[in-house]
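**Q** Structure below; questions to follow.
Residue numbers (the working numbering): 1 to 298.
The following block contains the structure:
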């Protein structure tokens with residue numbers, strides 16, 4: 001597939017007064033938006049379908065991982081094509097640094113800008129908001145959840161091979177009516193699933209403050225007021241990927257009206273579902289072809 005930049009025919013100068021969203025002439029085109037926020041250059045890709053076709057009034061909000069920025073992430077994961085085929089909108093943020101946690105000053109300004117823009121997006125008129133975060137991008141989403149920085153309508157959230165810090169959970173302002181889905185690979189060598197697998201020091205590694213993914217997921221589940229009791233099913237539709245999915249749906253309190261599901265990728269590496277091995281730092285090890293990201297939200 002050709003890169004998004006070939007499709008991004010509309011560009012904007014660094015002017016905070018420019019429109020945050022596409023105008024009517026830009027519908028059905030991928031638009032790259034560039035802004036200057038507190039003297040820092042910030043950019044994102046945004047796509048709006050024709051409103052007449054966007055029957056579901058649905059938007060996906062996307063956060064990339066460590067090294068592949070939004071353009072590569074949209075293409076290599078297939079999210080661009082899949083979301084467009086759903087006649088849904090999307091916005092894919094770029095981190096100003098190499099990722100969401102590698103440069104404190106830049107990361108803080110990114111975060112401030114994104115929080116402000118999420119508040120604007122909530123008011124645009126969409127009926128359904130889906131958030132997808134991969135690796136450190138998913139950890140960034142976890143942080144925003146516990147800070148109470150994600151608008152209440154944006155309650156459908158999927159993180160993939162993501163973790164967090166214990167202090168986030170300890171101080172977590174857990175919302176109600178949250179639908180939280182997590183895909184965790186047991187062969188992930190970035191955060192690691194449960195600490196039994198060594199981190200791969202050939203690549204960039206997370207700070208020591210981040211705990212392993214299974215520990216964070218369970219602390220998050222408890223904070224959501226969901227028990228360890230769950231319904232477990234196995235999903236293996238394609239044996240060529242050398243991995244399969246254990247799907248766990250947990251029992252949650254009716255008081256909070258939360259829902260949490262774990263898709264454990266058994267034999268899956270530090271990767272994203274349906275991504276072919278691109279020999280890139282962000283996507284390494286086995287992928288999984290048994291589940292579709294868009295189907296999780298439907």
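Cβ coordinates follow ideal geometry from the N, Cα and C atoms, glycine included.
1. Would you mind working out which of 219, 245, 162 and 41 sits nearest residue 192, comparing C-alpha positions?
2. Apart from the five residues on each side of it in sequence, which residues of its chain come closer than 6 Å, Cβ to Cβ, to residue 285?
3. For residue 68, which residues of its own chain have a beta-carbon under 6 Å away from its beta-carbon, when the five flanking residues on both sides are left out?
4. What first and last residue would you give for the beta strand (DSSP E) that runs through residue 58?
5. For residue 48, which residues of its own chain have a beta-carbon under 6 Å away from its beta-carbon, when the five flanking residues on both sides are left out?
6. Considering residue 272, what are the terminal residues of the beta strand (DSSP E) in which it resides?
7. Among 74, 274 and 58, which has the Cα closest to the Cα of residue 94?
8. State whether the region 251-270 contacts the region 165-180, with contact taken as three or more CB pairs (one from each stretch) at a distance under 8 Å.
9. Going straight from the alpha carbon of residue 43 to that of residue 33, what length do you get?
10. Where residue 41 and residue 130 are concerned, what is the direct C-alpha to C-alpha distance, given to the nearest angstrom?
11. What residues are listed by DSSP as bridge partners for residue 44?
12. Helix, strand or coil for residue 265 per DSSP?
13. Could you round the C-beta distance between residue 92 and residue 45 to whole angstroms and report it? I think they count as a contact, below 8 Å.
14. Strictly by DSSP, which residues pair up with residue 157?
15. Thinking C-beta only, is residue 141 closer than 9 Å to residue 133?
16. Between the C-alpha atoms of residue 182 and residue 245, what's the straight-line distance to the nearest angstrom?
17. Run through DSSP, which three-state label would residue 104 get?
18. So is residue 228 buried or exposed if we call it buried at 16+ other beta carbons inside 10 Å?
19. Mapping the DSSP letters down to three states, classify residue 218 as helix, strand or coil.
20. Please return the same chain residues whose Cβ sits closer than 7 Å to the Cβ of residue 221, not counting the five positions on each side in sequence.
21. Between residue 83 and the rest of its own chain, which residues show a CB-CB distance below 6 Å, the 5 nearest in sequence each way excluded?
22. Under DSSP, the beta strand (DSSP E) around residue 252 begins and ends at which residues?
23. When DSSP builds the beta bridges, which residues end up paired with residue 197?
24. Helix, strand or coil: which one does DSSP assign to residue 113?
25. Pull up the CB-CB distance for residue 87 and residue 109, whole angstroms please, since I reckon it's below 8 Å.
26. Cutting at 8 Å between CB atoms, please list the residues of its own chain near residue 56, excluding the five before and the five after it.
27. Which of the three DSSP states is assigned to residue 291 in this structure?
28. Could you check the C-alpha separation between residue 190 and residue 248 for me, to the nearest Å?
29. Between which two residues does the alpha helix (DSSP H) harbouring residue 146 extend?
30. Among 226, 239 and 264, which has the Cα closest to the Cα of residue 254?
31. How many angstroms separate the CA atom of residue 36 from the CA atom of residue 115?
**A** Per the coordinate set shown:
1. As a first step, residue 192 must be located in the chain shown, where it is residue number 192. Checked all of 219, 245, 162 and 41; the closest Cα to residue 192 is 162.
2. Here residue 285 is taken as the residue at index 285 of the chain shown, counted from 1. Here the set comprises 187, 269, 270 and 271.
3. Against the chain shown, residue 68 aligns to sequence position 68. 282.
4. Indexing the chain shown from 1 puts residue 58 at position 58. 58-63 is the span of the beta strand (DSSP E), which, as asked, contains residue 58.
5. The residue you call residue 48 lines up with position 48 of the chain shown. Only 22, 27 and 89 meet the Cβ criterion.
6. Within the chain shown, the letter at position 272 stands for residue 272. Run containing residue 272: none; DSSP gives neither H nor E here.
7. For the purposes of this step, residue 94 is identified with residue 94 of the chain shown, where counting begins at 1. Nearest C-alpha to residue 94: 74.
8. yes
9. Within the chain shown, the letter at position 43 stands for residue 43. Within the chain shown, the letter at position 33 stands for residue 33. Those two C-alpha atoms are separated by around 5 Å.
10. As a first step, residue 41 is located in the chain shown; it is residue number 41 there, counting from the start. As a first step, residue 130 is located in the chain shown; it is residue number 130 there, counting from the start. Approximately 26 Å between the Cα atoms of the pair.
11. Against the chain shown, residue 44 aligns to sequence position 44. Residue 44 is bridged to 33 and 93.
12. Residue numbering aside, residue 265 sits at position 265 when the chain shown is read from its first letter. Strand at residue 265.
13. Taking the first residue of the chain shown as 1, we reach residue 92 at position 92. Taking the first residue of the chain shown as 1, we reach residue 45 at position 45. Yes, they are in contact, since the Cβ atoms of residue 92 and residue 45 sit about 5 Å apart, within 8 Å.
14. If you number the chain shown from 1, residue 157 lands on position 157. Partner(s): 131 and 180.
15. Position 133 of the chain shown, counted from the start, is the residue given in the question as residue 133. Position 141 of the chain shown, counted from the start, is the residue given in the question as residue 141. Yes, Cβ-Cβ distance for residue 133 and residue 141 is below 9 Å.
16. Here residue 182 is taken as the residue at index 182 of the chain shown, counted from 1. Here residue 245 is taken as the residue at index 245 of the chain shown, counted from 1. Going by the C-alpha atoms only, they are around 12 Å apart.
17. Taking the first residue of the chain shown as position 1, residue 104 is located at position 104. DSSP places residue 104 in helix when its eight states are reduced to three.
18. For this step, residue 228 is matched to residue 228 along the chain shown. Counting Cβ neighbours within 10 Å, residue 228 comes out exposed, since fewer than 16 surround it.
19. Here residue 218 refers to the residue found at position 218 of the chain shown. Note: residue 218 maps to helix in three-state DSSP.
20. As a working note, residue 221 is residue 221 in the chain shown. Contacts found: 250 and 260.
21. Translated into the one-based positions of the chain shown, residue 83 becomes position 83. Counting only Cβ-Cβ distances below 6 Å, and skipping sequence neighbours, we find 60 and 90.
22. Translated into positions along the chain shown, residue 252 becomes position 252. Segment 244-252, the beta strand (DSSP E) holding residue 252.
23. Numbered from 1 along the chain shown, position 197 holds the residue referred to as residue 197. Answer is none; residue 197 lacks a bridge partner.
24. Residue numbering aside, residue 113 sits at position 113 when the chain shown is read from its first letter. Looking at residue 113 - three-state DSSP - the assignment turns out to be helix.
25. One-based indexing of the chain shown puts residue 87 at position 87. One-based indexing of the chain shown puts residue 109 at position 109. Incorrect: roughly 33 Å between the Cβ atoms, too far for contact.
26. In the chain shown, the residue the question calls residue 56 occupies position 56. Within the same chain, residue 56 has close Cβ partners 86, 87, 88, 127 and 128.
27. Here residue 291 refers to the residue found at position 291 when the chain shown is read from its first residue. If DSSP states are grouped into helix, strand and coil, residue 291 belongs with coil.
28. Mapped onto the chain shown, residue 190 falls at position 190. Mapped onto the chain shown, residue 248 falls at position 248. Rounded to whole angstroms, residue 190 to residue 248 spans 23 Å at the Cα level.
29. For the purposes of this step, residue 146 is taken as residue 146 along the chain shown, with counting starting at 1. Unbroken alpha helix (DSSP H) run through residue 146: 136-147.
30. By 1-based counting over the chain shown, the position of residue 254 is 254. Nearest of 226, 239 and 264 to residue 254, Cα basis: 226.
31. Translated into the one-based positions of the chain shown, residue 36 becomes position 36. Translated into the one-based positions of the chain shown, residue 115 becomes position 115. About 15 Å.
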